[in-house]
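One structure is given below, encoded as structure tokens.
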Amino acid sequence: MPQLLLRGTPIGKIQGVLFDKDGTLCHSEPHLLSLAKGRIEQAIRRFHRGNASESVVCKIQELLSAAYGLNTEGLDPGGTIAVASRHHNLISTATVFCLLGEGWPQALALANEVFAAVDALENEGPCLATTRTLLPGALSLLQALRQQGVICAVISNDSASGIETFLNQNNLHDTVTGLWSAEHQPAKPNPNAVKRLCQLMGLAPAHCALIGDADSDLQMARQAGIGLSLGYMAGWNQPPTLTNYHHLIHHWNDLVVKADPKITHNFSSP
Numbered sequence: 360m361p362q363l364l365l366r367g368t369p370i371g372k373i374q375g376v377l378f379d380k381d382g383t384l385c386h387s388e389p390h391l392l393s394l395a396k397g398r399i400e401q402a403i404r405r406f407h408r409g410n411a412s413e414s415v416v417c418k419i420q421e422l423l424s425a426a427y428g429l430n431t432e433g434l435d436p437g438g439t440i441a442v443a444s445r446h447h448n449l450i451s452t453a454t455v456f457c458l459l460g461e462g463w464p465q466a467l468a469l470a471n472e473v474f475a476a477v478d479a480l481e482n483e484g485p486c487l488a489t490t491r492t493l494l495p496g497a498l499s500l501l502q503a504l505r506q507q508g509v510i511c512a513v514i515s516n517d518s519a520s521g522i523e524t525f526l527n528q529n530n531l532h533d534t535v536t537g538l539w540s541a542e543h544q545p546a547k548p549n550p551n552a553v554k555r556l557c558q559l560m561g562l563a564p565a566h567c568a569l570i571g572d573a574d575s576d577l578q579m580a581r582q583a584g585i586g587l588s589l590g591y592m593a594g595w596n597q598p599p600t601l602t603n604y605h606h607l608i609h610h611w612n613d614l615v616v617k618a619d620p621k622i623t624h625n626f627s628s629p
């Protein structure tokens with residue numbers, strides 16, 4: 360069974376690795392920043408149409424920024440837009456509208472309008488901010504794992520189409536053979552999501568590693584019986600605050616996969 364080494368120290372033998380997507384494999388911050396700002400802008404436009412006062416408009420900016428985790432340094436890796444599913448972001452947006460005086464049916468309808476408007480703009484003209492690029496060293500990592508026969512999968516709160524877009528844009532279908540999205544039931548952070556994905560891949564959770572950038576991912580991994588729970592720190596401008604890890608990764612080059620004493624692959628950047 361292939362063994363992982365972290366900065367030269369053996370940390371465990373594995374048959375599979377489950378990766379979070381945003382902020383772990385994928386450099387998502389530019390896209391998610393654009394998404395957050397677009398939704399705030401569309402919300403403000405709709406309240407302007409309803410003759411909202413300037414104080415209400417300012418409150419929209421303030422509350423939605425806080426809900427999404429948008430700040431002067433970029434995105435909070437623990438904010439809803441970085442961690443939560445589209446559905447949970449929709450609910451948090453509608454809740455903000457309720458705080459501004461809308462009834463729940465109206466708030467939910469308005470939130471759906473805002474999300475649909477931003478989706479339409481993205482579909483009209485994809486730009487650099489909507490391209491989901493790999494983080495440095497991730498491709499070499501995935502290729503080395505594949506060479507050693509390690510099965511790789513993505514478990515994310517993104518939609519299935521969002522995960523597929525990421526895999527297609529980076530030509531990863533040969534290296535990532537399993538996925539679990541927000542549309543699968545149960546969705547993460549339910550530990551049964553991990554167990555079901557492992558079952559689909561024919562793997563025992565104890566023989567797998569899970570790598571993520573959120574404490575909810577790492578706690579889920581531990582509760583599911585994953586053998587190695589690894590926190591990834593380098594996916595955001597602001598490093599995440601993590602506590603539930605077995606080990607921390609600061610760059611993909613920290614990891615080496617070793618099939619036997621004679622074969623070693625370093626995860627250097629392509």
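Going by my numbering, the sequence shown opens with residue 360, and the numbers climb by one from there.
Glycine is no exception: its CB is placed at the ideal position from the N, C-alpha and C atoms.
CA-CA distance, L587 to L569, rounds to 6 Å.
Contact annotation, E388 with G433: C-beta distance approximately 6 Å; criterion of less than 8 Å satisfied. Bounds of the alpha helix (DSSP H) holding T452 are R445 to L458. In the structure shown, the three-state DSSP call for S412 is coil.
Taking all protein chains in view, the Cβ of D533 is surrounded by fewer than 16 other Cβ atoms within 10 Å, so the residue is classified as exposed. Secondary structure of H566 (DSSP, three-state): helix. Within the same chain, Cβ atoms closer than 7 Å to the Cβ of A443 are found at N516, the five residues on either side in sequence being excluded. The beta carbon of G438 sits closer than 6 Å to those of Y427 and G428, all from its chain and outside the five residues before and after it, given in chain order. Per DSSP, the continuous alpha helix (DSSP H) segment holding P550 begins and ends at P550 to M560.
The continuous alpha helix (DSSP H) containing P464 extends over residues W463 to E483. With respect to the C-alpha of P464, the residue from H606, A453, L531 and C567 having the closest C-alpha is A453.
Taking C-beta separations shorter than 7 Å and ignoring five residues to either side along the sequence, the partners of A546 in its chain run S444, N516 and A552, following chain order. Residue environment analysis places C417 among the exposed positions, since fewer than 16 neighbouring C-beta atoms fall within 10 angstroms of its C-beta.
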